[in-house]
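Protein chains: 2
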Amino acid sequence: MDVKFINPFIISLQNVVETMAMIRLQTQKPKRKSSALAMGDVSGIIGMVGPQIKGSMAITFDTELALNMMKNMLGEEAKSISEEVRDMVGEMTNMICGGAKSSLAEQGYEFEMAVPVIVSGEHHTIQHKVDGPKILLTFVSEQGNAYLEICFDEQQ
Amino acid sequence: MDVKFINPFIISLQNVVETMAMIRLQTQKPKRKSSALAMGDVSGIIGMVGPQIKGSMAITFDTELALNMMKNMLGEEAKSISEEVRDMVGEMTNMICGGAKSSLAEQGYEFEMAVPVIVSGEHHTIQHKVDGPKILLTFVSEQGNAYLEICFDEQQ
């Protein structure tokens, strides 16, 4: 998988979280995901299908980051992963994927997004079922951490 | 959402689980999902995008059913939700969605499937972020239970 497929997601995630929640997330180089699974408490997952590309994206937040985002965005002090927090994660997932979609469209890669799905549960893990490579990125901040997992096969 | 969009998924789920794992799942009439969340231990999620329809499907298995399916299909006595069990859930999700895709195509509703994503974690919950109705089906058997959650908006 080419870095040109990955960078738009990284940039979009950082932009959306910084713009909406005033939290600056730092990341390192993308890694191929090995057997180790990222663990988080609330995730947004979205499928992508286009003539040249097919894949899925998952963003997993730990509770600390999800609650801090909620507080910064809406001024609400949620104490746990509530209905409102899950809604916010769904919106963020849509915005992050939408931002990457626009960048990739400019490069000539078109896809449509499916409906976001939100998963919650302490320390759940996420895994993409593909033959191709899976990329895992860890984003860190003083207000909590997030994990972006992405797989994006070029179709023949 | 028309029952014609839902029935192909119900039939495909029952067929795949009975054919592959020799477990007959009983279900009741589809319900609109309210605030109550289905809880399970391992789920397969898949996004769907087509010219007329857009949606996502999640199948959540409790540990009992997932391990019994594994035993019946592969003769392996797994004790917990392992890598192999997650792979099996990914395969089943693909087959179930693929079966429904074929039926719906015969009725003139075409869509492409994104990549399946597998979530594991005790008692996690799943929620679809859509404005339209979300349908929840509970499937029961003596060998464990499953939950099918589906949302399928007709596009304009």
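If you read the sequences in order, they're chains A and B. Position one of the first sequence corresponds to residue 0 (numbering that gives the first Met the number 0), numbered consecutively onward. Position one of the second sequence corresponds to residue 0 (numbering that gives the first Met the number 0), numbered consecutively onward. All C-beta atoms, glycine included, are put in the ideal place defined by N, C-alpha and C.
Which class does residue i belong to by DSSP, given the choice of helix, strand or coil?
i: residue 31 of chain A; result: strand
i: residue 13 of chain B; result: helix
i: residue 155 of chain A; result: For residue 155 of chain A, the predicted structure reports a pLDDT of 46, less than 50, and the residue's modelled location is therefore unreliable. The matter cannot be settled from this model.
i: residue 120 of chain A; result: strand
i: residue 6 of chain A; result: helix
i: residue 95 of chain B; result: helix
i: residue 101 of chain A; result: helix
i: residue 86 of chain B; result: helix
i: residue 69 of chain B; result: helix
Residue i bridges to which residues according to DSSP?
i: residue 74 of chain A; result: Residue 74 of chain A is not bridged to any residue.
i: residue 128 of chain A; result: According to DSSP, residue 128 of chain A bridges with nothing at all.
i: residue 146 of chain A; result: A:59, A:137
i: residue 54 of chain B; result: B:47, B:151
Run through chain B and tell me which residues come within less than 8 Å of residue i, C-beta to C-beta.
i: residue 84 of chain A; result: Under the 8 Å cutoff, chain B gives no residues; its nearest Cβ is about 11 Å from residue 84 of chain A.
What are the boundary residues of the alpha helix (DSSP H) that residue i is part of?
i: residue 24 of chain A; result: It is not in any alpha helix (DSSP H) - residue 24 of chain A carries neither H nor E in the DSSP assignment.
Please list, in chain order, the chain B residues whose beta carbon lies closer than 7 Å to that of residue i.
i: residue 119 of chain A; result: 123, 124
i: residue 55 of chain A; result: 46, 113, 114, 116
i: residue 15 of chain A; result: In chain order: nothing, as chain B lies at least about 15 Å away.
i: residue 89 of chain A; result: 128
So with CB distances below 8 Å, who are the chain A contacts of residue i?
i: residue 150 of chain B; result: 114
How would you write the range of the beta strand (DSSP E) that residue i sits in, first residue to last?
i: residue 114 of chain A; result: It is not in any beta strand (DSSP E) - residue 114 of chain A carries neither H nor E in the DSSP assignment.
i: residue 40 of chain B; result: 38-48
State yes or no: is the beta carbon of residue i nearer than 8 Å to at least one beta carbon in chain D?
i: residue 46 of chain A; result: The structure shown contains no chain D; the protein chains it does contain are A and B.
Could you check whether the segment 87-96 of chain B touches the segment 47-66 of chain B, counting it as contact only if at least three pairs of C-beta atoms, one from each stretch, sit closer than 8 Å?
yes
Inter-stretch contact at 8 Å, needing at least 3 Cβ pairs: the segment 138-153 of chain B / the segment 64-83 of chain B
yes
Evaluate contact between the segment 96-114 of chain B and the segment 44-54 of chain A, counting only Cβ atoms and requiring at least three cross-stretch pairs below 8 Å.
yes
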